[in-house]
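So the structure is just underneath, and the comments pick up after that.
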Amino acid sequence: MDSSLIITERRGSIEIIRLNRSEKFNALTREMILALSDTFTNLESDADLRALILTGAGDHAFCAGTDINELTQLKEEEAVKVSERGQALCNQIENAAVPVIAAVNGIAAGGGCELALACHIRIASNNARFSLPESKLGIIPGYRGTRRLAREIGSGRAWEMMLTGKTVGAEEALQMGLVNRLTTSDDLLTAAESLAGEIALLAPLAIRACLKAITLGVDLSLAEGLALEAGLFASLFATEDMREGTRAFLEKRAPVFKGA
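Below, the structure is given as structure tokens:
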């Protein structure tokens, strides 16, 4: 496997992951999907990790989607495996134990948009462009993008994006809730690191519980979701971080969390 397709860089408790195929607008190959999945798997046991940033190499694209040259060769039974592989990767991102921030620079189309949707928070440059244009190719999004897009922006807007294959610019993406905030291309990674740094200062077990409450709760009934929330809430009272956080508040000082 070509290790240069996915580049990682550690900055303190934050890991930056770059899709590194800028000459092809970081379009996803089977090899890249497997390498990215391996990267997330290898980081699961990193006790010092507090946040991840996923971005694309170069200034023109976060990810232009799945490499079309690979798609044209697929038969129906092979296409099922491609979809399942992409879904597994996006589920892996969404279910990561630490927050995953997408730093979207330029094009986020098709599978690339689905990658961004799997991240917990999305920061975009002013030149970012989002689309799920698969209907123009005679197919549909296959990496659970149909479900995630509707969840993020509502069914009506999701239908319009998918049925027309339209491209949404950065400002419109912000207005519809597809991204959390905008910045310039030059400041994109700095903004993502700053946000990740804010999160890294908070109690890691509480952050993990927040992620579980939201990612698992959206697929549960109201009663089940509330029971999940109550259980996660109660479980944190057995942690040293909870005691440190409350003591620090009462003592009017900054807490020092240890993830225990």
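Going by numbering that gives the first Met the number 0, the first residue of the sequence shown is number 0, and it counts up by one from there.
No residue lacks a Cβ here, since even glycine has one placed at the ideal position from N, Cα and C.
All values derive from a computational prediction rather than experimental measurement.
The beta strand (DSSP E) with C62 in it runs from where to where?
A60 to C62
Check whether the Cβ of G141 lies closer than 6 Å to any heavy atom of the ligand FMN, and answer yes or no.
Among the components of this structure there are no ligands whatsoever, and the ligand FMN is therefore not found.
If we ignore side chains and look at the alpha-carbon of each, how far apart do I122 and Q72 end up?
34 Å
If you reduce the DSSP assignment to three classes, tell me which class A127 lands in.
coil
From A205 to L235, what does the alpha carbon distance come to, in whole angstroms?
7 Å
Just the Cα atoms here: how many angstroms apart are E75 and D185?
42 Å
Quick one: measure Cβ to Cβ for A107 and F61, integer angstroms, because I've assumed they're closer than 8 Å.
4 Å
Rounded to whole angstroms, what's the CA-CA distance from R246 to R252? Just pull it up for me.
9 Å
Check whether I198 and P98 have beta carbons under 7 Å apart
yes
Same chain only: Cβ atoms within 8 Å of D66, ignoring 5 sequence neighbours per side:
K23, A26, L27 and T28
Option in W158, I120 and N126 with minimal Cα separation from P132:
W158
Taking the alpha-carbon positions, what's the L215 to E223 distance?
10 Å
Please state if the CB of I100 and the CB of A208 are separated by a distance shorter than 7 Å.
no
Starting from the C-beta of L93, find all residues in its chain whose C-beta is less than 7 Å away, skip the five residues before and the five after it, and write them out in chain order.
The question names Leu, yet the displayed sequence has Glu at residue 93. So the qualifying residues of the chain are A117 and T214.
Beta-carbon gap between N104 and G55 smaller than 7 Å:
yes
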